[in-house]
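Protein chains in written order, with my numbering: chain A, 16 to 394; chain B, 383 to 633; chain C, 30 to 217. Take a look at the structure set out below.
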Amino acid sequence: MGMVSCATTQLPSVGEMEALQLQEDEKRLWNRSDEEQRRLNNSSYIYEDPVISAYVNEVAQNLIPQDIRGKGLSFQVKIIRNPLLNAFAYPNGVIYAHTGLISKMENEAQLAALLGHEMSHVTHRHTIENYRSVKNTTAVLATIQVASVPFGAFGNLASALGTLGAMAAVTGYSRELETEADTLGLVLLINAGYDPKEAPKLFEHLKREVEQQDKKEPFFFGTHPRLQERIDNYNRLIKTKYPDATGMKNTERFMDIISPLILDNAMMDLSMGRFSSAEDGIGRFLEIDPQNSRAHFYMGELYRQRNDAADKEKALNEYNLSIQYDPSNPAPHKSIGLIYYKLERYQEARAEFEKYLILFPDADDAAYIEQYIKAMPTK
Amino acid sequence: MRLNIKTISLILACLLISACATAPRYRAHPQINSKIENVKTITVIPLKVDVYQLTAGGVKEKMDEWCMQAQRNVLTAIEDDLKLRPLLNIKSFPETLMSEDRRINLEQTGALFEAVNSSIIIHTYGQPVHRFPEKIQNFDYTLGPEVRQLSNQTDALLLVRGVDNIATAGRKAVQVGSVILGALAGVQVTPNMGVTAVNLALVDANTGEVLWFNYHASAGDHDLRNPIDTTAMVMDILKDFPIKKPVRKFD
Amino acid sequence: MKIKSAFYLLFAFILCGCVATWVAVGGKYKSGSENYTVELPEGWRQYTPAKGKLLITKDGFTLQRIQIVRTKIDTELTHTKKKFEKGMLPQEAAEVVIDNLRSNPNILNQDIIENMPAQVGGHPGFKIVYTYQNKSGLNKKGVFFGLLTRDWWYEMIYEAPERHYFPKDLPTFEKMIETFRLIKDAAA
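What follows is the structure in structure tokens.
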């Protein structure tokens, strides 16, 4: 996209100011941010879970450095329902992180690394810096308005974001500004008491994920070589500046709170037909909660819909586990019924469909089920 | 002249503009005369009046203060013109702070108007092969009876939609018809130069029917930040307004 | 060709009618290549450059659109990697359509109002009623009739702004669907 490589920010950071004072073009960016966020925040794109939302915001609040507090800049984290590995920040302090990215994290320190990075883009006014360098030299924003972004099926969220969101989420910042955000973010991480070694681990883990899945990664990681560059940069910083630094990870607390999001994100992957990612996500959830009926049902759905060799047996096994852990769950009965129906094992299919309708008489798909029951021979 | 893609596009676009210049400009409901008889009060609703600055890099930056200035100019010009028409009461919008329901209604009305506006521009003003003659003869568009919740005790709504793209000194003003129509029809085309377009639609406040529609568009000749320019544009649009000004007799 | 130039040219061409043609329709419509017949409503227009699909409107596509498309059964959908498969039940096919809709990042607030079995041209298919909000903030509503045959799948879609336009032409679409027939057997 022809991004101009520029020096690290020349604008004073918010911390260096006595109070936040926006320049005229910056005010306009904040107004655009408000407009875009109003639409986004009222849409189905936002992942609504008050417990998880409160948690990620608490982590963000603990990262805010002292020199920012009371300056008129506040932070808010919102989670976007999207299985892509991305996060972006608006200049007014609202950070959006995708369920896809959060679901891949292993602990709170990695979450803090992400949030610290994004917060640094805000505190050091990278958006206006970037915008000023871009608008007079390239037509990046205009291109965003019409360009197709190579993100794959779910990825063109950029088109639903406004121009500003797309700029942050899609093209990101220059190499120098990203490096600065990495460096500053690491300081926030350490000052808040987290283990800095988790920052490169997040990227390494995600890089492996991207390589394995052959995903076209969105901008949080930049291009592939840039991702490695940033891992190297983190490792170098830690080795030279913080060789003995340790800190908390809060793994248990993180997994305890975030786990429902992992399962929900896996279902988004399943909707998109990303069976491998979905299987990983559901599998990860089941490691935490192996007797979760809903998760076993979802795993069954994955196998039934993927329909590779031996998937029918796997699906039936998962559905039976789902029933075992919650006999009142109607959904697995329907799905077992569908498998038997297609195998022409009508007696078994009928039994399962009837159980489904007994457990869930007001099912939205009752018309389909009644049709199957009617179509099947009675003997 | 080298026939590259840009040149071919410009030629085609200029042909389009010349074709458009000879077509009648306003559109009206087939029963406009009877429907307008009962219109005594009009509420003017600015749906959007956006002014952008086009930077040297081709980026469109929305300029909030210019938007406010342009909206003031457009509304003043409209109200000043309509007040000259007899027995017509003009109300501004909103009359009071809006409830959430009303705000949502306004948003949906605006969004539907964008869709209606695009259709009107493409199928009643566009090139002949895109025109639907039956829609010109039977100009039958609506925003739905839901519009009646927008304003109390009013007979009609005058919906205002304006866009102005101010080219910075670095960009040349070149006649690009496709961009003008793009601005009118709400198609997202980043223009290469300054384009100004204002659309006005008179809507029955009870039924939502579009009673009358007109526009003015120009490439670099007008600036909505300038009250004189804006008044000229608005007067041009409203010269065919169905409620006429009194004819001045000179002895 | 750069995206901007291509868009510029295409827009100019479309406006000048070098590509697009609108043809008035009404009465029996037969598509031998797509293997169906249907009665089209009077007073509507077909957008003929849309090759391989029937696209009609009365007031313009931003205000209502009916389309009939036939696609090879193993074609990938736009927003999901899931595909239709031979032998899929209508309910399973509906699941794929719903996942494609839910995964569409160009629209917001997708909601499935109805998903039920339906006869399409005398064959077992499905009907989905849905709503969403487009990028401009307009609430839209649609009806999707789907039919899977051995090698093909057929979609018949009606979409319009939810306010006023959707209910206005829904009876026209429903009447049209009642007349849809495959020319050759569904097993073909």
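Glycine included, each C-beta is placed from N, C-alpha and C at the ideal position.
- Query: Mind pulling the chain A residues with CB within less than 8 Å of P146/C?
  - Reply: A382, Y383, Q386
- Item | Status (buried if at least 16 other CB within 10 Å, exposed otherwise) for P428/B | buried
- Near-chain C residues of the region 573-593 of chain B (beta-carbon distance less than 8 Å), N- to C-terminal order: G590
- Of all the CB atoms in chain A, is at least one closer than 8 Å to the CB of L177/C? no
- Task: Answer yes or no: does any C-beta atom of chain B fall closer than 8 Å to that of V164/A?
- Result: With a pLDDT of 31 at V164/A, under the threshold of 50, the modelled position of that residue is not reliable, and the figure given next carries that caveat. Not closer than 8 Å to any Cβ of chain B, the Cβ of V164/A fails to qualify, so no.
- Query: So, do the region 109-128 of chain A and the region 263-271 of chain A have three or more beta carbon pairs nearer to each other than 8 Å?
  - Reply: yes
- Query: Sorted by chain position, which residues of the same chain lie with C-beta nearer than 6 Å to K77/C's C-beta, five sequence neighbours on each side aside?
  - Reply: According to the sequence as given, residue 77/C is Thr; it is not Lys. For T77/C, where only same-chain residues beyond five positions count, the Cβ hits under 6 Å are T50, V52.
- Message: Can you look up T261/A in the DSSP assignment and give me helix, strand or coil?
- Response: coil
- Query: Are the CB atoms of K101/C and D198/C nearer to each other than 8 Å?
  - Reply: no
- Taking only beta-carbon positions, decide if S416/B is within less than 8 Å of chain C. no
- Item | N-terminal and C-terminal residue of the beta strand (DSSP E) that Y188/A is part of | Counting along the chain, Y188/A falls outside any beta strand (DSSP E), and DSSP gives it neither H nor E.
- Shorter than 8 Å from the beta carbon of S132/C to some beta carbon of chain A? yes
- Using beta-carbon positions only, say whether V74/A and L126/A come within less than 8 Å of one another. yes
- Message: Suppose you measure from the CA of D622/B to the CA of Y65/C; what does that come to, to the nearest Å?
- Response: 49 Å
- To which residues of the same chain is Q139/C closer than 8 Å at the C-beta, ignoring the five residues directly before and after it? L130, R131, N133, Y159, T160, Y161
- Task: Would you mind working out which of N46/A, A104/A, R54/A, T138/A sits nearest G85/A, comparing C-alpha positions?
- Result: T138/A
- Hey, is I625/B's beta-carbon within less than 8 Å of any beta-carbon in chain A? no
- Taking 8 Å as the CB-CB limit, is Y105/A close to chain C? no
- Message: So, for V545/B: in the same chain, excluding its five sequence neighbours on each side, which residues have a beta-carbon less than 7 Å away from its beta-carbon?
- Response: D432, A565, A579
- Item | Where A390/A falls, given that 16 or more other Cβ within 10 Å makes a residue buried | exposed
- Item | Reference G89/C, options K213/C, G81/C, W73/C, closest by Cα | W73/C
- 8 Å Cβ cut-off: residues of chain C touching K357/A: G116, L118
- Determine the chain A residues that contact V545/B at a beta-carbon separation under 7 Å, and present them in chain order. Going along chain A, no residue has its Cβ under 7 Å from V545/B, so there is no contact; the nearest lies around 15 Å.
- Query: Should A599/B be labelled buried (16 or more other beta-carbon atoms within 10 Å of its own) or exposed?
  - Reply: buried
- Item | Through-space distance from K82/C to I390/B, alpha-carbon basis | Any answer about I390/B is weak, because its pLDDT of 40 lies below 50 and its placement is not dependable; what the coordinates show is given next. I390/B and K82/C: Cα-Cα distance of roughly 30 Å.
- Message: Taking the alpha carbon of K164/C as the reference point, which residue from E489/B, I503/B, E591/B has its own alpha carbon closest?
- Response: E489/B
- Task: Answer yes or no: does any C-beta atom of chain B fall closer than 8 Å to that of R140/A?
- Result: no
- CB contact below 8 Å: T437/B versus chain A: yes
- Message: In whole angstroms, give me the CA-to-CA distance for L127/C and E114/C.
- Response: According to the sequence shown, residue 127/C is Ile rather than Leu. Rounded to whole angstroms, I127/C to E114/C spans 15 Å at the Cα level.
- Option nearest N487/B by Cα separation, candidates A538/B, K417/B, T550/B, R530/B: R530/B
- If we cut at 8 Å on Cβ distances, does F375/A have a partner in chain C? no
- Task: Over the uninterrupted beta strand (DSSP E) stretch that includes R94/C, give me the two end residues.
- Result: 94-101
- Task: Flag this pair as yes or no: are the beta carbons of I625/B and R467/B separated by less than 8 Å?
- Result: yes
- Which of helix, strand or coil DSSP assigns to R454/B: helix
- With 8 Å set as the bound, which would you pick, yes or no: does the beta-carbon of K444/B sit closer than that to a beta-carbon of chain A? yes
- Message: With H, G and I counted as helix, E and B as strand and the rest as coil, what does DSSP make of A465/B?
- Response: For clarity, residue 465/B is Lys in the given sequence; the question names Ala instead. Coil at K465/B, not helix or strand.
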